[in-house]
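Visitor:
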Amino acid sequence: MTKAFFRGLTASVAVAAAVTLGVSTPAQAGAPSCKTAKLIVPWKAGGGTHVLFSIYEKTIQSMNLASKIKVVTIPGQGGNKGAKEAAKAKADGCTLFAIHQSAITSYLNGRIDITFPDFDTVSLLTSTPDIIGASGKAPWNNFAEFKKAALAAPGTILVGATFGSTSQFMWLLLEDLTGMKFKYVPFDGTRQRMTALLSNAITMGTLNVASGRKYLEGGELKAYGIADGKRSKHLPNMPTLKEVGVDMVFALKRGIVAPKGTPKEYIDYWSGVFKKASEDAGLLKQMDAKGTDIEWVGPEGYRKWAEKTYKDYEKVAIKIGMYKKK
Numbered sequence: 005m006t007k008a009f010f011r012g013l014t015a016s017v018a019v020a021a022a023v024t025l026g027v028s029t030p031a032q033a034g035a036p037s038c039k040t041a042k043l044i045v046p047w048k049a050g051g052g053t054h055v056l057f058s059i060y061e062k063t064i065q066s067m068n069l070a071s072k073i074k075v076v077t078i079p080g081q082g083g084n085k086g087a088k089e090a091a092k093a094k095a096d097g098c099t100l101f102a103i104h105q106s107a108i109t110s111y112l113n114g115r116i117d118i119t120f121p122d123f124d125t126v127s128l129l130t131s132t133p134d135i136i137g138a139s140g141k142a143p144w145n146n147f148a149e150f151k152k153a154a155l156a157a158p159g160t161i162l163v164g165a166t167f168g169s170t171s172q173f174m175w176l177l178l179e180d181l182t183g184m185k186f187k188y189v190p191f192d193g194t195r196q197r198m199t200a201l202l203s204n205a206i207t208m209g210t211l212n213v214a215s216g217r218k219y220l221e222g223g224e225l226k227a228y229g230i231a232d233g234k235r236s237k238h239l240p241n242m243p244t245l246k247e248v249g250v251d252m253v254f255a256l257k258r259g260i261v262a263p264k265g266t267p268k269e270y271i272d273y274w275s276g277v278f279k280k281a282s283e284d285a286g287l288l289k290q291m292d293a294k295g296t297d298i299e300w301v302g303p304e305g306y307r308k309w310a311e312k313t314y315k316d317y318e319k320v321a322i323k324i325g326m327y328k329k330k
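My numbering numbers the first residue of the sequence shown as 5 and each following residue consecutively.
(1) Whose C-alpha, out of G249, K294, G286 and E304, is nearest the C-alpha of S275?
(2) Report the option in A154, G286 and S139 whose CA atom is closest to the CA atom of T199.
(3) To the nearest angstrom, report how far apart K246 and C98 are at their CA atoms.
(4) Can you pull the DSSP bridge partners for S131?
(5) Whole angstroms is fine: what's the gap from V301's alpha carbon to A262's?
(6) With DSSP run on the structure shown, which of helix, strand or coil describes F101?
(7) List the endpoints of the continuous alpha helix (DSSP H) containing G86.
(8) Which ranges would you report for the alpha helix (DSSP H) in the stretch 222-287 if only whole runs of at least 4 residues count?
(9) Looking at the strands, I want to know which residues DSSP matches up with V75.
(10) For Y188, which residues does DSSP report across the bridge?
(11) How is M208 classed by DSSP in three states: helix, strand or coil?
(12) Cα separation between T109 and T77?
(13) Who does I136 pair with in a DSSP beta bridge?
(14) Distance check for Q172 and L112, CA to CA, integer angstroms please.
(15) Thinking C-alpha only, which one of H104, G286, K289 and I206 is nearest L128?
(16) So what's T125 in DSSP terms, helix, strand or just coil?
(17) Run through DSSP, which three-state label would L177 get?
(18) If we ignore side chains and look at the alpha-carbon of each, how far apart do F191 and G83 end up?
(19) Is there contact here, the stretch 228-235 with the stretch 129-148, by at least three beta-carbon pairs under 8 angstroms?
(20) Which same chain residues, not among the five before or five after M252, have their C-beta less than 8 angstroms away from its C-beta?
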């Protein structure tokens, strides 16, 4: 937790003084002037990112704060339309942006000139591992059968993905590690890809527990492995990719950033708010039900994570021929 989060406070004495004298408590210190900040989610309502940040919104709305958040969806261009809107917003603490690794993949493949360094990091919040998902009518019973078919007929299996985003990047990594080749079908978001999978319009697509659990349990969709270091407690019969012979971990790390130049006091305020929300028992229960882990990291740690992740992704993008930056 940041030093500014505790500025001028000494545990219970300060809290008592705040109640008595009307002084701001830690979560209030450095609050922006707006009563409600706009949290831009750059994908359509109903997708995994929107669902998870809506849980944060509801939790934060219930907290006694000087400034709260309202989720606003600005979909389009694989998340890039919302990114542009957030990047040009005033750096006054009243606009926040929900972000994950697609900001890196879209930058690397030349779709957008905006990525993590164009924002100020606030907090890393959640981690959601990807699942190798398939239509319920897919003819393969396990990963070995799927891999055999893909190797026998390269470029024929239809895979749904948002081009240049993490939903395609995972498959590109899988191609690189296994020699499989797929035929990609573009979709703008998770909901559209899920609809296509459920209707058998495409054969394969990434899933996660949040978006696919009920369909997997109901048999409408299949899954061949989870890209995590351990099996999911929610889907314990699903093997990890490492168990089926692919040494690959791929999790979507969702967090919050703010327009470049946002004053540190506002960054620290929102970082503290999201940390407090991340410790809420009700939120933790809901996130657990979605198969999503809470991994809160503050501004500096989040910035370092973003820098390292960019370098790691850049190496892979160059290796698989996706890199299009000059």
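Where is the CB? At the ideal position from N, CA and C, for every residue including glycine.
Guide: Well, looking at it:
(1) As a working mapping, residue 275 is identified with position 271 in the sequence shown. Checking every option, the nearest Cα to that of S275 belongs to E304.
(2) Here residue 199 corresponds to residue number 195 of the sequence shown, with the count starting at 1. Here the closest residue by C-alpha is S139.
(3) Counting from one through the sequence shown, the residue named residue 246 turns up at place 242. Counting from one through the sequence shown, the residue named residue 98 turns up at place 94. Their backbone Cα atoms lie some 43 angstroms apart in a straight line.
(4) Residue mapping note: residue 131 aligns to position 127 of the sequence shown, counting from 1. Answer is K257 and D297.
(5) Walking along the sequence shown from the start, residue 301 turns up at place 297. Walking along the sequence shown from the start, residue 262 turns up at place 258. C-alpha separation (whole angstroms): 15 angstroms.
(6) Here the question's residue 101 lines up with position 97 in the sequence shown. F101: strand per DSSP, three-state reduction.
(7) Residue numbering aside, residue 86 sits at position 82 when the sequence shown is read from its first letter. N84 to A91 is the extent of the alpha helix (DSSP H) around G86.
(8) 268-282
(9) One-based indexing of the sequence shown puts residue 75 at position 71. Answer is L43, bridged to V75.
(10) Position 184 of the sequence shown, counted from the first residue, corresponds to residue 188. BP columns for Y188 point to V163.
(11) Here residue 208 is taken as the residue at index 204 of the sequence shown, counted from 1. If DSSP states are grouped into helix, strand and coil, M208 belongs with the strands.
(12) What you label residue 109 is simply residue 105 of the sequence shown in a count that begins at 1. What you label residue 77 is simply residue 73 of the sequence shown in a count that begins at 1. Their Cα atoms are separated by approximately 21 angstroms.
(13) Counted from its first residue, the sequence shown places residue 136 at position 132. Beta-bridge pairing links I136 to T210 and G229.
(14) For the purposes of this step, residue 112 is taken as the residue at position 108 of the sequence shown. For the purposes of this step, residue 172 is taken as the residue at position 168 of the sequence shown. Using only the alpha carbons, I get a separation of about 13 angstroms.
(15) Here residue 128 corresponds to residue number 124 of the sequence shown, with the count starting at 1. The option with the nearest alpha carbon to L128 is H104.
(16) Taking the first residue of the sequence shown as position 1, residue 125 is located at position 121. The answer is strand: DSSP assigns T125 an E or B state.
(17) Here the question's residue 177 lines up with position 173 in the sequence shown. L177: helix per DSSP, three-state reduction.
(18) Here residue 191 refers to the residue found at position 187 of the sequence shown. Here residue 83 refers to the residue found at position 79 of the sequence shown. Whole-angstrom Cα-Cα distance: 12 angstroms.
(19) yes
(20) As a first step, residue 252 must be located in the sequence shown, where it is residue number 248. Counting only Cβ-Cβ distances below 8 angstroms, and skipping sequence neighbours, we find L177, L178, L181, A231, L245 and K246.
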